[in-house]
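A.B. asks: Heads up, the numbering used here is the position in the sequence shown plus 21, with the first residue counted as 1. Where is the CB? At the ideal position from N, CA and C, for every residue including glycine. Before I ask anything, here is the structure I am working with.
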Amino acid sequence: VGAAVKLNQQKREGYTDFTLDGRAPERASWSFERAKFDDLLLKHAAENGVSVHEGVRVTEIKFCPENPKKPIAALWKKNDTETGEIKFDFMVDASGRNGIMSTRYLKNRKFTQGLKNVAFWGYWKNTGMYMPGTPRENAVWIEALTDETGWTWFIPLQNGITSVGVVLAETSSRAKKAKAADNKEHYLSQVNISPGLVKLLENAEMVGEVKSAGDYSYTSVNNQYAGPNYRIVGDAGGERSEIFVLGVYQQIHAQKNAVLSDVDEDNFDRAFDFIRPVIQGDNDTHSKVDMQKVIDLLGETPGIIGVDPMAHERVSKKMEAGLMADNGPLMMGDAFSRAVGEDEEAKELLHMMNSRKAITNTIEWAHNYEGDKINGLSVVLKRGELGLARE
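As C-alpha cells, this is what we get:
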C-alpha cells in the first residue's frame with residue numbers, strides 16, 4: 022500500500038501512501054518477480070489475439086525509399102538459425118533499454134552522466150517486515166547507505182520471498198568491487214551499511230545467486246519519441262523522472278544537508294506528500310506547465326501527513342464545489358490564496374488535495390489522455406474502435 026524511504030540516516034524515514042490513507046484502496050500496488058510477471062503478460066496478450074513469437078530478435082529496420090525517416094519493415098532472427106522479414110504500416114519500438122530505434126538509427130539517446138548506476142540484487146526468505154500490525158505493514162523499504170554512495174531496496178514479493186537490492190554509482194561500485202572476493206561478498210558488504218535493512222534481514226536467508234544490471238538515467242535528445250508511422254515507448258525511449266531522482270540523489274550523497282526537508286524537520290513527509298506525483302509518473306512528460314506545477318507545489322508544502330476525514334468534510338462545506346475533490350483543479354498562487362483566505366485548516370487541507378489531484382490524474386489517466394491533441398488529432402479509447410479522431 023505504500024513505501025517508506027529513509028534518505029538520511031539522521032532523520033526519520035518518509036512514507037508515501039499509494040492508497041491515499043485508505044481512501045482509495047484500489048490504488049494499492051502489487052510486487053511480482055519480474056520474469057514471472059512478464060510471462061503472465063505475454064500469455065495474456067496471446068490469449069487475446071496478439072501474434073506472439075518467442076525467441077525472436079529484430080536485427081535491422083528498413084525504411085521507405087521515398088521517406089527515409091519512415092520505417093516499413095524489420096529483419097528478424099530466431100534462435101540464431103531462422104531469419105525473415107516482416108512488413109508493417111506502423112511500428113511500436115518497445116525494445117527496452119536496447120532501444121533499437123533510438124540507439125541505432127536516430128542516435129539520440131542522452132545519458133544523465135551523474136546518474137550512471139549499477140544495481141545488484143538477490144532474493145531472501147524469512148525476512149522481517151516494515152511496521153507489522155499497522156496500516157503500513159509490509160510496505161516497501163528504501164534506504165540510503167551510511168557511506169553516502171548509494172541506496173538499498175527491500176520489496177516483499179509473493180510466497181514469502183523478498184527482493185533485496187543495492188544501487189551504487191558506477192564508479193563507486195567498481196572501486197568497492199575490486200576489494201571484494203566475488204559478487205556476493207560485494208553485495209553483502211553494501212547491505213551491511215544499510216542499518217534499517219540489516220534489521221529487516223536479521224533472521225533471513227538468501228536464496229539463489231546475486232544478479233546485476235546497469236541502472237542508467239537517460240532521455241531522448243529533443244524529446245523525440247515518435248516520427249512517421251512509429252512510436253517509441255517505455256525504456257526504449259527513456260528512463261526515470263529526473264526531477265525526483267536528482268533531489269533524492271543529492272540527499273543520499275549529502276546526508277548532513279537538508280536537501281528535501283527543512284533544517285528543523287526530522288523526516289521527509291512534507292517532501293514526499295508533494296513529490297509523490299513525480300514518483301508515480303504524473304510528470305513523466307516534458308510539459309513546462311506540468312513541471313512548473315510540481316516546482317510550485319514543492320515550494321508551498323505545508324508539512325502534513327494525511328487528511329482527517331472529518332476535517333475534509335468541514336472544509337468542503339466552506340469551499341467552492343469541486344476544490345476538495347480528487348479530480349478538481351489544481352490551485353496555485355493568487356487563486357489558492359483567494360480560495361482559503363485566512364483559514365489555516367483550509368490552507369493545509371487544500372495543499373494536500375493539490376497533491377492528491379495530481380495522483381488522480383496519474384491513475385485515472387484515460388480522460389486526460391483522450392483530451393490531448395497532436396496535429397489536430399486525439400485518441401479514441403473505445404473498445405473495438407481504437408484509433409484517432411480529427412476535430
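With DSSP as the reference, identify every bridge partner of Glu-81, one or two as the case may be.
C.D. replies: Here the question's residue 81 lines up with position 60 in the sequence shown. Per DSSP, Leu-96.
A.B. asks: Could you compute how far the alpha carbon of Val-254 sits from the alpha carbon of Gln-245?
C.D. replies: In the sequence shown, residue 254 corresponds to position 233, counting from 1. In the sequence shown, residue 245 corresponds to position 224, counting from 1. Approximately 11 Å between the Cα atoms of the pair.
A.B. asks: Ala-356 by DSSP, collapsed to three states: which one?
C.D. replies: Translated into positions along the sequence shown, residue 356 becomes position 335. Ala-356 falls in the helix class under three-state DSSP.
A.B. asks: Going by the CB atoms, is the gap between Leu-407 and Leu-398 shorter than 8 Å?
C.D. replies: As a working mapping, residue 398 is identified with position 377 in the sequence shown. As a working mapping, residue 407 is identified with position 386 in the sequence shown. No, the pair does not count as a contact, with Cβ atoms beyond the cut-off.
A.B. asks: According to DSSP, is Ser-337 helix, strand or coil?
C.D. replies: Position 316 of the sequence shown, counted from the first residue, corresponds to residue 337. Note: Ser-337 maps to helix in three-state DSSP.
A.B. asks: With a Cβ-Cβ cutoff of 8 Å, do Val-79 and Arg-252 count as a contact?
C.D. replies: Here residue 79 refers to the residue found at position 58 when the sequence shown is read from its first residue. Here residue 252 refers to the residue found at position 231 when the sequence shown is read from its first residue. No, Cβ-Cβ distance for Val-79 and Arg-252 is not below 8 Å.
A.B. asks: If you reduce the DSSP assignment to three classes, tell me which class Asn-138 lands in.
C.D. replies: Looking up residue 138 in the sequence shown gives position 117. It is a strand residue.
A.B. asks: Could you tell me which of Arg-411, Phe-357, Ala-367, Leu-28 sits nearest to Thr-170, measuring between CA atoms?
C.D. replies: Residue numbering aside, residue 170 sits at position 149 when the sequence shown is read from its first letter. The shortest Cα separation from Thr-170 among Arg-411, Phe-357, Ala-367, Leu-28 belongs to Leu-28.
A.B. asks: Within 10 angstroms of the Cβ of Ala-275, are there 16 or more other Cβ atoms? Answer buried if so, exposed if not.
C.D. replies: Numbered from 1 along the sequence shown, position 254 holds the residue referred to as residue 275. Unreliable positioning characterises Ala-275 in this predicted model, as indicated by a pLDDT of 44, which lies under 50. The coordinate reading is nonetheless provided below. Exposed, by the Cβ-count rule.
A.B. asks: Within its chain, find whatever has a CB closer than 8 Å to the CB of Pro-153; leave out the 5 residues flanking it on each side and keep chain order.
C.D. replies: By 1-based counting over the sequence shown, the position of residue 153 is 132. Annotation for Pro-153: Asn-159 place their beta carbon closer than 8 Å to its own, counting only its chain and skipping 5 residues before and after.
A.B. asks: Can you round the beta-carbon distance between Val-212 and Val-219 to whole angstroms, since I take them to be within the 8 Å contact cut?
C.D. replies: Along the sequence shown, read from residue 1 onward, the residue named residue 212 stands at position 191. Along the sequence shown, read from residue 1 onward, the residue named residue 219 stands at position 198. Confirmed, about 7 Å.
A.B. asks: What does DSSP give as the partner residue(s) for Lys-146 in the beta ladder?
C.D. replies: For the purposes of this step, residue 146 is taken as the residue at position 125 of the sequence shown. Lys-146 is bridged to Ile-182, Glu-226.
A.B. asks: May I have the straight-line CA-CA distance separating Val-269 from Leu-166, to the nearest angstrom?
C.D. replies: Sequence index remark: in the sequence shown, residue 269 carries index 248 (1-based). Sequence index remark: in the sequence shown, residue 166 carries index 145 (1-based). Bear in mind that a pLDDT of 46 at Val-269, under 50, signals an unreliable position, so the number given afterwards is only what the model happens to contain. Cα-Cα distance, rounded: 13 Å.
A.B. asks: Could you pull the DSSP bridge partners for Met-112 from this structure?
C.D. replies: For the purposes of this step, residue 112 is taken as the residue at position 91 of the sequence shown. Met-112 is bridged to Tyr-251.
A.B. asks: How is the beta strand (DSSP E) around Thr-37 delimited, first residue to last?
C.D. replies: Locating residue 37 in the sequence shown gives position 16, where the first residue counts as 1. Note, Thr-37: beta strand (DSSP E), 35-38.
A.B. asks: May I ask you to report which of helix, strand or coil DSSP gives Ile-214?
C.D. replies: Position 193 of the sequence shown, counted from the first residue, corresponds to residue 214. Looking at Ile-214 - three-state DSSP - the assignment turns out to be coil, as it is neither helix nor strand.
A.B. asks: Who are the near neighbours of Arg-411 in its chain, counting only those whose CB is closer than 7 Å to its CB and skipping five residues on each side?
C.D. replies: On the sequence shown, residue 411 is found 390 positions in, with the first residue counted as 1. Contacts found: Gly-397, Leu-398.
A.B. asks: Report the three-state DSSP secondary structure of Leu-61 (helix, strand or coil).
C.D. replies: Taking the first residue of the sequence shown as position 1, residue 61 is located at position 40. Correct three-state label for Leu-61: helix.
A.B. asks: For Gln-31, which of helix, strand or coil comes out of DSSP?
C.D. replies: In the sequence shown, residue 31 corresponds to position 10, counting from 1. Reduced to three states, the DSSP call for Gln-31 is coil.
A.B. asks: With burial defined as no fewer than 16 other Cβ atoms inside 10 Å of the residue's Cβ, what is the status of Thr-104: buried or exposed?
C.D. replies: Stepping through the sequence shown from its first residue, residue 104 is reached at position 83. A residue is called buried once 16 or more other Cβ atoms fall within 10 Å of its Cβ, and Thr-104, having fewer, is exposed.
A.B. asks: Note down the Cα distance separating Pro-92 from His-74, rounded to an integer number of angstroms.
C.D. replies: Along the sequence shown, one-based indexing puts residue 92 at 71. Along the sequence shown, one-based indexing puts residue 74 at 53. So the alpha carbons of these two residues sit roughly 20 Å apart.
A.B. asks: Report buried or exposed for Phe-39, applying the criterion of at least 16 other Cβ atoms within 10 angstroms of its Cβ.
C.D. replies: Taking the first residue of the sequence shown as 1, we reach residue 39 at position 18. Taking every protein chain shown into account, the CB of Phe-39 has 16 or more other CB atoms within 10 angstroms, so this residue is buried.
A.B. asks: Please report the residue range of the beta strand (DSSP E) in which Thr-173 lies.
C.D. replies: Counted from its first residue, the sequence shown places residue 173 at position 152. 171-177 is the extent of the beta strand (DSSP E) around Thr-173.
A.B. asks: With distances taken Cα to Cα, identify the nearest neighbour of Leu-370 among Glu-223, Asp-168, Met-345.
C.D. replies: For the purposes of this step, residue 370 is taken as the residue at position 349 of the sequence shown. The option with the nearest alpha carbon to Leu-370 is Met-345.
A.B. asks: Just to confirm the assignment, what range does the beta strand (DSSP E) spanning Ser-399 have?
C.D. replies: Along the sequence shown, one-based indexing puts residue 399 at 378. Counting along the chain, the beta strand (DSSP E) containing Ser-399 begins and ends at 398-401.
A.B. asks: Pair every Cβ in the segment 36-50 with every Cβ in the segment 59-71, then say whether three or more of these pairs are closer than 8 Å.
C.D. replies: no
A.B. asks: Here's the rule I'm using: 16 or more other beta-carbon atoms within 10 Å means buried, otherwise exposed. How should Phe-175 be labelled?
C.D. replies: Counting from one through the sequence shown, the residue named residue 175 turns up at place 154. By the 10 Å Cβ count, Phe-175 comes out buried.
A.B. asks: Whole angstroms is fine: what's the gap from Ala-94's alpha carbon to Ala-190's?
C.D. replies: Residue numbering aside, residue 94 sits at position 73 when the sequence shown is read from its first letter. Residue numbering aside, residue 190 sits at position 169 when the sequence shown is read from its first letter. Cα to Cα, the separation comes out at about 39 Å.
A.B. asks: Classify Thr-102 as buried or exposed, calling it buried when 16 or more other Cβ atoms lie within 10 Å of its own Cβ.
C.D. replies: Position 81 of the sequence shown, counting from 1, holds the residue named residue 102. Using a 10 angstroms sphere on the CB of Thr-102, the tally of other CB atoms stays under 16, which defines it as exposed.
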